[in-house]
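Asker: Quick mapping for you: the protein sequence lines, in order, are chains F and U. If you're matching positions, the first sequence starts at 20 in our numbering and goes up one per residue. If you're matching positions, the second sequence starts at 95 in our numbering and goes up one per residue. Encoded as structure tokens, here's the structure I'll be asking about.
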Amino acid sequence: MILSAALNTANYFYLVPWVVFFPLIGMLINMIFGGRMGEKAIGAIACLASGLSFGVAVLLGIALLGHPEGMTVSFLNWNWITMGALQLEWAFRVDSLSVTMMLVVGGVGTLIHIYAVGYMHADVRHNGDPGRFRRFFVFFNLFILDMMILVSASNYMVLFVGWEGVGLCSYLLISFWYDKGKDGIGNAKAGNKAFIANRVGDLGFLIAAFLMFKYFQPLSPNGVFNFDFQAVASLASQVPPSVILAITLFLLLGVTGKSAQLPLYVWLPDAMAGPTPVSALIHAATMVTAGIYLIARSHAIYSLVPAAQNWVAIVGGVTALFAATIALAQFDIKKVLAYSTISQLGFMVAAVGMGAYVAGMFHLVMHAFFKALLFLSAGSVIQGIERGEHEVEHDPILRKRLKHEQHFDPQDMRNMGGLRRTMKTTFWVYLAAALSISGIIPLAGFWSKDEILTEASVLNRSVYVLLLIAAFFTAFYMGRQILMVFFGEPRSEPAAHASESPAVMTIPLVILALLSIFGGFINFPTLHAFTSWLENTIQALAEGVTGGEAAAVGFNVVVAIISTVLAVGAIILAWYLYMRRSQEMLHLPLNKRADDPLRLMLGPVFTLLENKYWVDELYGYVVIKPYQWLSTFLAEKLDWDFWHDFFHDKILAGGFNAFTRLLSGPIDLGFIDEVGNFLGDGFKELAAQMRKIQSGFFRNYALSVFIGLIFIIGYLILR
Amino acid sequence: MLPVQYYLALAIILFILGALGVLIRRNAIVVFMSIELMLNAANLAFVAYARYWQSMHGQIFVFFIMTVAAAEVAIGLALIVTIFRTKASIDVDQISTLKG
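Structure representation (structure tokens):
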């Protein structure tokens with residue numbers, strides 16, 4: 020009975036709520052009982068929660084093999100929100116697209132969880148607050164939970180819950196060391212920046228949702244709209260194209276926020292303030308790809324409006340090139356990777372914009388592997404250097420050689436070099452990831468990037484050129500990074516004494532390295548396993564939608580050769596500059612040397628790139644300064660000067676004071692008091708006159724009595 | 095028998111003499127005696143009328159007045175003695191402490 024139930028793979032679909040519940044349980048255990056548990060128990064529970072979630076995703080994948088059409092699993096028939104014509108059901112969408120994301124989130128997420136156990140063990144001690152170990156894993160499980168909600172949603176509103184949830188986790192984890200950073204507030208500011216930039220994007224998402232409700236609701240059966248992906252897809256053709264265009268462009272705004280595209284990408288480089296596993300999990304592998312997932316999810320409506328698709332592709336292409344150029348001139352090991360991530364996300368956005376959804380998703384998965392690996396290895400390098408720094412500081416002889424004129428930055432590549440000898444495992448996995456992202460055949464990155472370029476060469480020539488140049492720069496800056504970090508001679512004492520990270524960190528790295536090397540074979544040309552896997556979803560959703568869907572483009576040898584030649588050329592160029600020229604530069608006089616050979620060649624252009632085109636400063640002047648000016652104006656002039664000083668103090672309080680002064684002055688003192696005083700004075704005066712009658716001489720009294728008597732008698736007689 | 099007008103005229107003369115004595119004289123004893131004179135003038139008028147009207151009412155009044163006068167003399171002389179003791183004078187113009 021149980022066996023037959025287990026054999027019927029369709030039953031696995033009903034397990035889908037557990038992809039959300041396992042991280043929730045893990046989070047709750049660590050949150051409630053974590054205070055009494057050791058680091059190992061906390062880490063084990065967090066990893067287990069994420070791992071079980073991954074296991075469920077695997078079972079769902081197995082079920083999909085037998086039932087590729089997928090299924091929408093209602094969660095206890097829960098009507099989440101019922102409000103007039105709006106009926107939102109909390110349901111899980113299980114199909115090849117969502118399960119792909121679940122596998123990435125669960126799989127890469129679990130590996131990063133394991134790595135983080137080792138990394139955070141050292142990090143919390145380096146930063147001097149071991150108590151935050153538990154908090155980190157609570158946030159991490161919360162992130163997996165939210166990301167799973169995002170990818171398993173069956174409608175836009177449930178997706179939005181996850182969308183906001185991952186944004187929250189991103190904020191919490193970027194500012195994890197909220198009391199650290201520049202001026203003790205730098206990390207908190209970075210978290211705010213990410214949150215606020217995302218808020219701008221979320222506004223786009225919400226407006227798109229409102230438009231969707233306004234135009235789709237009247238068309239829905241029974242007039243009840245539920246935001247379901249399939250309902251939206253099937254109704255989209257009846258909605259005016261201009262409305263669809265508006266919806267898709269507003270969604271694109273949401274995507275530029277979450278996936279760090281132009282013009283809202285500025286938050287991602289600052290997000291590197293978070294611990295490195297956070298950068299790997301949230302800001303490289305999973306959360307930032309939510310935008311690509313959203314467009315792939317909404318492909319039915321994007322396919323209806325080529326103009327919107329064109330915009331998406333151009334935003335992606337321009338971002339890919341723009342960010343890649345900035346990455347050329349960065350010195351912070353994580354900043355290079357951050358701009359690289361923005362650039363690679365641009366590749367994916369360009370792909371899904373062109374209608375090459377499979378290529379975009381393929382690159383998303385491969386990127387999750389190699390970029391997570393790059394970040395984790397970078398974290399390993401940083402901690403290796405920190406260990407070296409620690410060692411140097413505690414060695415009385417070496418300590419004297421340490422330059423103390425400025426704070427040592429363990430993330431600055433100018434302080435590194437020669438690490439391939441001391442950190443062997445990290446070096447090899449870093450090399451694998453770097454070659455993979457550079458697009459060297461036959462590593463994973465080659466296949467996915469090549470697929471995007473091939474599609475672009477057919478679908479959109481201008482975007483193809485942009486992406487090709489970006490790919491060249493990608494290979495160059497990765498070559499530069501590898502050479503600066505691992506080759507040459509150590510450029511600082513801590514780098515010379517760096518040591519390899521523990522196994523709990525290197526084992527996930529090796530697994531990710533294997534995935535970065537061999538992962539590309541899931542969509543090997545001629546087999547196209549991944550394409551046919553995803554087509555189950557994308558074709559099924561696109562049913563009834565004519566045109567717009569990109570035809571599957573086969574492998575193109577010319578495109579592959581061009582990109583390979585460029586990648587190899589870029590690496591050779593990097594080798595020439597950072598090995599040969601760097602060596603030669605040592606013989607130059609001091610004033611002709613530079614920290615980067617590229618700086619000598621490019622001059623002001625390098626400065627421009629190093630300062631990221633001054634985009635942050637530009638935004639500062641164009642958006643933030645006027646905004647602050649407006650807030651200052653509203654606070655100082657409108658609120659304080661007008662409402663407080665003028666309206667409240669002058670008009671209300673002043674008027675009341677004047678009124679009371681009127682009452683107390685003229686009315687009370689001037690009139691009422693005067694009446695009283697007049698009466699009092701009058702009687703006093705009268706009494707003063709009257710008292711003179713009382714002379715005290717008794718004969719006077721007697722006289723008056725007699726006179727009175729005479730009057731009375733006179734009156735009585737004369738009347 | 096003398097007609098009643100003579101008696102009345104005498105009573106009026108006595109009363110006016112008494113009143114003038116009260117108003118003019120400053121010696122408390124003399125003032126006192128003048129008051130007695132006015133009372134006796136009234137007594138004379140009562141008695142004259144009682145005889146004229148052949149009624150006893152007037153005579154009864156006279157007895158009352160004589161009684162009151164006796165009591166008044168007792169109190170009045172006591173007051174005068176006390177005043178004399180404190181002020182060493184019985185000049186009524188000196189006694190003006192009730193001046194307002």
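Ideal Cβ placement from N, Cα and C applies to all residues, glycine included. Every value quoted in this text rests on a predicted model; they were computed, and no experiment measured them.
Can you list, in chain order, the residues of the segment 688-720 of chain F whose Cβ is nearer than 8 Å to any Cβ on chain U?
Answerer: Cβ contacts with chain U: 709, 710, 711, 712, 713, 714, 715, 716, 717 and 718.
Asker: If residue 470 of chain F sits next to residue 381 of chain F, beta carbons under 8 Å apart, how far is it from one beta carbon to the other, in whole angstroms?
Answerer: Rounded, the Cβ-Cβ distance is 6 Å, consistent with contact.
Asker: Any Cβ of chain F within less than 7 Å of the Cβ of residue 185 of chain U?
Answerer: Chain F contact via Cβ: absent.
Asker: What residues from chain F crowd round residue 189 of chain U, counting only those whose CB sits closer than 9 Å?
Answerer: Result: 715, 716 and 717.
Asker: When the Cα atoms are used, what is the spatial distance from residue 569 of chain F to residue 319 of chain F?
Answerer: Confidence at residue 569 of chain F is low in this model, with a pLDDT of 43, below 50, so its placement is unreliable and no value can be given for it.
Asker: Check whether the Cβ atoms of residue 544 of chain F and residue 574 of chain F lie closer than 7 Å to each other.
Answerer: It is a contact, given that the beta carbons lie within the stated cut-off.
Asker: Taking only beta-carbon positions, decide if residue 722 of chain F is within less than 7 Å of chain U.
Answerer: Closer than 7 Å to some Cβ of chain U, the Cβ of residue 722 of chain F qualifies, so yes.
Asker: Any residues in the segment 661-678 of chain F with a beta carbon nearer than 8 Å to a beta carbon of chain U? Which ones, in chain order?
Answerer: Residues: none.
Asker: Once DSSP output is grouped into helix, strand and coil, what is the label at residue 112 of chain U?
Answerer: If DSSP states are grouped into helix, strand and coil, residue 112 of chain U belongs with the helices.
Asker: Go to residue 144 of chain F, then tell me how far its alpha helix (DSSP H) extends in each direction, as first and last residue.
Answerer: Where residue 144 of chain F is concerned, the enclosing alpha helix (DSSP H) stretches over 115-145.
Asker: If you check the beta carbons only, do residue 53 of chain F and residue 61 of chain F fall under 7 Å apart?
Answerer: Yes, they are a contact pair.
Asker: Where does residue 519 of chain F fall in DSSP's three states?
Answerer: It is coil, neither helix nor strand.
Asker: Going by the CB atoms, is the gap between residue 137 of chain U and residue 167 of chain U shorter than 7 Å?
Answerer: Taking 7 Å as the Cβ cut-off, residue 167 of chain U and residue 137 of chain U do not qualify as a contacting pair.
Asker: Does the beta carbon of residue 111 of chain U come closer than 7 Å to any beta carbon on chain F?
Answerer: Not one chain F Cβ lies under 7 Å of residue 111 of chain U.
Asker: Which ranges would you report for the alpha helix (DSSP H) in the segment 103-189 of chain U if only whole runs of at least 4 residues count?
Answerer: Segments of the alpha helix (DSSP H) lying fully in the segment 103-189 of chain U: 122-147 and 151-181.
Asker: For residue 193 of chain F, count neighbouring Cβ atoms within 10 angstroms of its own Cβ and tell me buried if that reaches 16, exposed if not.
Answerer: Looking at its Cβ environment, which holds 16 or more other Cβ atoms inside 10 Å, residue 193 of chain F is buried.
Asker: Would residue 323 of chain F be called buried (16 or more neighbouring beta carbons within 10 Å of its own) or exposed?
Answerer: Buried.
Asker: For a cutoff of 7 Å on Cβ pairs, would you count residue 116 of chain U as touching chain F?
Answerer: It does: the Cβ of residue 116 of chain U has a partner Cβ on chain F nearer than 7 Å.
Asker: Rounding to the nearest angstrom, what Cα-Cα distance links residue 527 of chain F and residue 501 of chain F in this structure?
Answerer: About 20 Å.
Asker: Give me the Cβ distance between residue 173 of chain F and residue 35 of chain F, rounded to the nearest whole Å; I'm assuming they're in contact under 8 Å.
Answerer: Residue 173 of chain F to residue 35 of chain F, Cβ: 10 Å. No contact.
Asker: Mind checking which residues open and close the beta strand (DSSP E) that includes residue 100 of chain F?
Answerer: 90-102 is the span of the beta strand (DSSP E), which, as asked, contains residue 100 of chain F.
Asker: Are residue 175 of chain F and residue 104 of chain F touching if we call contact CB-CB under 7 Å?
Answerer: Cβ distance not < 7 Å, so residue 175 of chain F and residue 104 of chain F don't count as in contact.
Asker: Using a Cβ-Cβ cut-off of 7 Å, state whether residue 181 of chain U counts as contacting chain F.
Answerer: No, because no Cβ of chain F sits closer than 7 Å to the Cβ of residue 181 of chain U.
Asker: Could you give the distance in angstroms between the alpha-carbon of residue 718 of chain F and the alpha-carbon of residue 705 of chain F?
Answerer: Rounded to whole angstroms, residue 718 of chain F to residue 705 of chain F spans 24 Å at the Cα level.
Asker: Unbroken alpha helix (DSSP H) runs of length 4 or more, entirely within the segment 393-433 of chain F: which are they?
Answerer: The qualifying runs are 415-418.
Asker: Using the beta-carbon of each residue, which ones in chain F are nearer than 8 Å to residue 192 of chain U?
Answerer: Those within 8 Å of residue 192 of chain U in chain F are 713 and 715.
Asker: Compute the beta-carbon to beta-carbon distance between residue 497 of chain F and residue 453 of chain F, rounded to the nearest angstrom, for a pair I have assumed lies under 8 Å.
Answerer: Right, the Cβ-Cβ distance comes to about 4 Å (below 8 Å), so this counts as a contact.
Asker: Around the Cβ of residue 606 of chain F, are there at least 16 other Cβ atoms within 10 angstroms (buried) or fewer (exposed)?
Answerer: Exposed, because fewer than 16 other Cβ atoms sit within 10 Å of the Cβ of residue 606 of chain F.
Asker: Need the endpoints of the alpha helix (DSSP H) that residue 605 of chain F sits in, please.
Answerer: Premise fails: residue 605 of chain F is in no alpha helix (DSSP H) and is neither H nor E.
Asker: Rounded to whole angstroms, what is the Cα-Cα separation between residue 174 of chain U and residue 123 of chain U?
Answerer: Roughly 8 Å separates the two Cα atoms.
Asker: Going straight from the alpha carbon of residue 458 of chain F to that of residue 338 of chain F, what length do you get?
Answerer: Rounded to whole angstroms, residue 458 of chain F to residue 338 of chain F spans 19 Å at the Cα level.
Asker: When DSSP labels each residue in this structure, what does residue 655 of chain F get in the three-state scheme?
Answerer: It is helical.
Asker: For residue 692 of chain F, report the span of its alpha helix (DSSP H) as first-last.
Answerer: Segment: none, residue 692 of chain F is in no alpha helix (DSSP H) and carries neither H nor E.
Asker: Excluding five sequence neighbours on each side, which residues of the same chain lie with their C-beta closer than 7 Å to the C-beta of residue 410 of chain F?
Answerer: Counting only Cβ-Cβ distances below 7 Å, and skipping sequence neighbours, we find 516.
Asker: Going along chain U in order, which residues have a C-beta closer than 9 Å to the C-beta of residue 725 of chain F?
Answerer: Per Cβ cutoff of 9 Å: 113, 116 and 117.
Asker: Expressed to the nearest angstrom, what Euclidean distance is found between the alpha-carbon atoms of residue 279 of chain F and residue 673 of chain F?
Answerer: When rounded, the distance between both Cα atoms is 53 Å.
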